[in-house]
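Asker: Supplied in structure tokens, the structure appears directly below.
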Amino acid sequence: MKRKFLLVLTGFFIISYSLFASVTIRYTNKDSKDHNMSVKIGGSNTKVKFSGSRTGSLTIQGGSDKCVIMTSCGKVEVKSGDRITIQNGCIKVN
């Protein structure tokens, strides 16, 4: 009985983690224009907006603590807590 309870509890925590997982990044956009980019996280695709000429934080909801951002310069993998710089539409992980 105790073992079954522990298995159910463990399963609950694993499912809960994937439901609430997200990627939070800090960004600096050195370009004067906004950038809308596609992001793949936890098997899902979404879009994010990086506001021009500013520094900010962005949280991407999904089932992982890593994501791939598609830019005009190629794909960039970032993980939660990363700091990125956007210049000429390209992302550099600091």
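Under mature numbering (1 follows the signal peptide of the UniProt record, and there is no 0), residues -21 to -1, 1 to 73 are what the sequence shown spells out, in order. Every residue gets a Cβ at the ideal spot worked out from N, C-alpha and C, and that includes glycine.
Grab me the residues of Q66's own chain with a C-beta within less than 7 Å of its C-beta, minus the 5 sequence neighbours each way, in chain order.
Answerer: Against the sequence shown, residue 66 aligns to sequence position 87. Only K9 and D10 meet the Cβ criterion.
Asker: I believe residue 77 touches D44 by the beta-carbon criterion, under 8 Å. Please report the beta-carbon distance rounded to the nearest angstrom.
Answerer: As shown, the chain starts at -21 and ends at 73. That puts residue 77 outside it, with no answer to give.
Asker: Measure the beta-carbon distance from I20 to I39 and round it to whole angstroms, keeping in mind my assumption that it falls under 8 Å.
Answerer: Taking the first residue of the sequence shown as position 1, residue 20 is located at position 41. Taking the first residue of the sequence shown as position 1, residue 39 is located at position 60. Yes, they are in contact, since the Cβ atoms of I20 and I39 sit about 6 Å apart, within 8 Å.
Asker: Looking at the strands, I want to know which residues DSSP matches up with C69.
Answerer: Here residue 69 refers to the residue found at position 90 when the sequence shown is read from its first residue. In DSSP, C69 forms a bridge with Q66.
Asker: If I follow the unbroken beta strand (DSSP E) through C52, where does it start and stop?
Answerer: Counted from its first residue, the sequence shown places residue 52 at position 73. Where C52 is concerned, there is no enclosing beta strand (DSSP E), given that its DSSP letter is neither H nor E.
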